[in-house]
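In my numbering, the protein residues as written are 4 to 91.
Note that the Cβ used here is the ideal one computed from N, Cα and C, for glycine as well.
One structure is given below, encoded as structure tokens.
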Amino acid sequence: MKRIVKLTESELTNFIKKIINEMDENIKYNFFKIIDKDGEVVGVGAAERGSKNETEIIDQIFNYGYTPVRISKKEYEDYDEGDEIRNF
4 MKRIVKLTES
14 ELTNFIKKII
24 NEMDENIKYN
34 FFKIIDKDGE
44 VVGVGAAERG
54 SKNETEIIDQ
64 IFNYGYTPVR
74 ISKKEYEDYD
84 EGDEIRNF
């Protein structure tokens, strides 16, 4: 038998955040900053460690003439929101 559960918007938001945090804890990421030819940081990114996407993302960064440099999760999180590329 199915039950209908009523949640407030706040409860739903907290529930979703908890699920996302638990998912992120199980996935290991490599974090990197993207450097242009002048040595300036143009963004940061993260890719699941050892995934096919990680290899493809790094190859694309090189193809566009940028250099990915591995950084810590702390350094990744310290960048202003909007500087990061989409996580893959």
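DSSP-derived helix/strand/coil call for residue i
i, result
"Thr58", "helix"
"Ile64", "helix"
"Thr70", "strand"
"Glu43", "coil"
"Asn5", "The question names Asn, but residue 5 in the sequence shown is Lys. In this structure, Lys5 counts as coil in the three-state DSSP scheme."
"Asn17", "helix"
C-beta atoms of residue i and residue j nearer than 8 angstroms
i, j, result
"Asn33", "Arg6", "no"
"Tyr69", "Asp39", "yes"
6 angstroms CB neighbourhood of residue i in its chain, flanking five on each side removed
i, result
"Tyr82", "Val47"
"Ile30", "Glu51"
Residue i beta carbon near the ligand ADP (any heavy atom closer than 7 angstroms)
i, result
"Val72", "As presented, the structure is devoid of all ligands, the ligand ADP included, so that no description of it is given."
Endpoints, the alpha helix (DSSP H) within which residue i is located
i, result
"Tyr79", "76–81"
Opposing strand residues paired with residue i [DSSP bridges]
i, result
"Phe35", "Gly48, Arg73"
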